[in-house]
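Chains as they are written, first to last, in the numbering used here: chain H, 1 to 144; chain G, 145 to 288. From the three backbone atoms N, C-alpha and C, an ideal C-beta is built for every residue, glycine too. In this text, all values refer to a predicted model and were calculated from it rather than measured experimentally. These notes are about the structure you will find just below.
Number of protein chains: 2
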Amino acid sequence: MALNQEKRILEDYLAAKDLKYSRQREEILDVFLSLNRHLTANELYRIVQKKYPRLGFATIYRTLKLLCACGLGRELKLENGTTRYEHLYGHRHHDHLICTKCGRFVEVVEPDIERLQEKLFKRHGFYPQRHRLELYGICRNCKK
Amino acid sequence: MALNQEKRILEDYLAAKDLKYSRQREEILDVFLSLNRHLTANELYRIVQKKYPRLGFATIYRTLKLLCACGLGRELKLENGTTRYEHLYGHRHHDHLICTKCGRFVEVVEPDIERLQEKLFKRHGFYPQRHRLELYGICRNCKK
DNA sequence: ATTGATAATTAAAATCATTCTCATTTAGAC
DNA sequence: GTCTAAATGAGAATGATTTTAATTATCAAT
């Protein structure tokens, strides 16, 4: 299956931390990677539940944390208060353009913006760690 | 006092909506404007409590919503999950540079970034509404 | 295959920020 | 001052996330 590479990343991360590769973690990873990005913990939970009805919410949250920690996932806290997760493997860094009507996500990159951000950090004497840029608007379809 | 202009804005907003200008709302506005920006609902609550011990949490939240609605305030949902509020009157649009060690906020503006964002909206056929840019790093003092 | 040590899981309870409910009080138009 | 809609306060409710505690699974060493 196409997920060997990603599984390897999780396995290696777990091994390095003396953690274990359980069936639940594998199942969550599978679903997470197979689906389109940007799902909530709850959405993921409901999908995984179909296969593992006994799997609990806490396991979803714990596993999502691991997936983010090993670099396979990213947590997005959006302006409306919801938290969504996207898988990152094979993606470059990107920001998001989000439709406020239909919720559509578009991944965007603008190298010039990245460079200007670095300049802002420097100008204010900050050591840069990360940034968050979300652009909210109305997409072509929703404009009618 | 220096707040007449801001009070006027709130009063006008309330009048236009057939809402009322209560003592609690005035007191919350006073504290909100007098303090340095970027406080949590809870911080604001505790400060206002000193003068109005009977004032409840719900009133803080209700009033903060009004202050944002009339343009005097802005709600910031940060990456660590906390929500902070800043007062806006007399401020231009700005983004934030935030120290992940001490929590210091610096307000920054970079017109070139703003322009590039507009271009991104256009390129993807979006009608622009707003954006959120937060830059996280470590400030001069915290670097030692 | 069994054991033992450690970590993971489940289910339920706890937490925390925020919102709602509803009985009581207040603002402000008349 | 009277009246009505709106605001308030107190506490309960909500929803997302985390913790707890008991049970189960993993894996390396026998």
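Who does H:Asp95 pair with in a DSSP beta bridge? Translated into the one-based positions of the first sequence, residue 95 of chain H becomes position 95. The partner list for H:Asp95 (beta bridge, DSSP) reads H:Val108.
Using a Cβ-Cβ distance under 8 angstroms, would G:Leu241 count as near chain H? One-based indexing of the second sequence puts residue 241 of chain G at position 97. Cβ-Cβ to chain H under 8 angstroms: yes for G:Leu241.
Indicate whether the contact test is met: 3 or more Cβ pairs, each with one atom in the segment 118-125 of chain H and one in the segment 65-74 of chain H, closer than 8 angstroms. no
Mind pulling the chain H residues with CB within less than 8 angstroms of G:Leu282? Within the second sequence, numbered from 1, the residue matching residue 282 of chain G stands at position 138. Position check: residue 282 of chain G holds Ile in this sequence, whereas Leu was assumed. Neighbours of G:Ile282 on chain H, chain order: Phe126, Tyr127 and Gln129.
Can you grab the Cα-Cα spacing for the pair G:Val175 / G:Leu279, in whole Å? Here residue 175 of chain G refers to the residue found at position 31 of the second sequence. Here residue 279 of chain G refers to the residue found at position 135 of the second sequence. Their Cα atoms are separated by approximately 28 angstroms.
Check each residue of the segment 232-260 of chain G: if its Cβ is closer than 8 angstroms to any Cβ of chain H, include it; give the result in chain order. Leu241, Cys243, Thr244, Val250, Val252, Glu254, Asp256, Ile257 and Leu260
Kindly give me the distance between the Cβ atoms of G:Tyr229 and G:Gly217, rounded to whole angstroms, as I take these residues to be in contact under 8 angstroms. By 1-based counting over the second sequence, the position of residue 229 of chain G is 85. By 1-based counting over the second sequence, the position of residue 217 of chain G is 73. Between G:Gly217 and G:Tyr229 the Cβ distance is about 5 angstroms, and since that is below 8 angstroms, they are a contact.
Residues near G:Tyr165 in its chain [Cβ-Cβ closer than 6 angstroms; skip 5 each side]: Position 21 of the second sequence, counted from the first residue, corresponds to residue 165 of chain G. For G:Tyr165, where only same-chain residues beyond five positions count, the Cβ hits under 6 angstroms are Glu155 and Leu158.
So with CB distances below 8 angstroms, who are the chain H contacts of G:Lys288? On the second sequence, position 144 is the one that residue 288 of chain G refers to. What G:Lys288 touches in chain H: nothing, since even the nearest Cβ is about 11 angstroms away.
Kindly indicate if chain H contains any beta-carbon less than 8 angstroms away from that of G:Leu208. Along the second sequence, read from residue 1 onward, the residue named residue 208 of chain G stands at position 64. Chain H, which has no Cβ nearer than 8 angstroms to the Cβ of G:Leu208, makes this no.
Would you identify the three-state DSSP class for G:Leu211, choosing helix, strand or coil? As a first step, residue 211 of chain G must be located in the second sequence, where it is residue number 67. Helix, per DSSP.
Anticipated Cβ contact below 8 angstroms, G:His231 with G:Glu251, distance rounded: Taking the second sequence and counting its residues from 1, one reaches residue 231 of chain G at position 87. Taking the second sequence and counting its residues from 1, one reaches residue 251 of chain G at position 107. The Cβ separation is near 12 angstroms, so there is no contact.
Since G:Lys245 contacts G:Cys214 with CB under 8 angstroms, what's their CB separation in whole angstroms? On the second sequence, position 101 is the one that residue 245 of chain G refers to. On the second sequence, position 70 is the one that residue 214 of chain G refers to. The Cβ separation is near 34 angstroms, so there is no contact.
Name the chain H residues whose beta carbon is nearer than 7 angstroms to that of G:Arg218? Working through the second sequence from its first residue, we reach residue 218 of chain G at position 74. Chain H residues near G:Arg218: none, gap ~11 angstroms exceeds 7 angstroms.
Which residue from G:Gln168, G:Arg236 and G:Glu223 puts its Cα closest to that of G:Lys194? The sequence position of residue 194 of chain G within the second sequence is 50, counting from 1. Nearest of G:Gln168, G:Arg236 and G:Glu223 to G:Lys194, Cα basis: G:Gln168.
Rounded to the nearest angstrom, what separates G:Arg274 and G:Leu220 at their Cα positions? As a position in the second sequence, residue 274 of chain G is number 130, starting the count at 1. As a position in the second sequence, residue 220 of chain G is number 76, starting the count at 1. If you take the alpha carbons of G:Arg274 and G:Leu220, they lie about 13 angstroms apart.
List, in order along the chain, the chain G residues whose C-beta lies closer than 9 angstroms to that of H:Glu79? Here residue 79 of chain H refers to the residue found at position 79 when the first sequence is read from its first residue. Those within 9 angstroms of H:Glu79 in chain G are Glu219, Lys221, Arg274 and Arg276.
With a 10 Å radius around its C-beta and 16 neighbouring C-beta atoms as the bar for buried, classify H:Leu19 as buried or exposed. Locating residue 19 of chain H in the first sequence gives position 19, counting from the first residue. That one is exposed.
So, under 8 angstroms CB-CB, G:Ile172 and G:Ile204 are touching, yes? Tell me the CB distance rounded to an integer number of Å. The residue given as residue 172 of chain G occupies position 28 in the second sequence. The residue given as residue 204 of chain G occupies position 60 in the second sequence. Contact holds; Cβ gap of about 7 angstroms.
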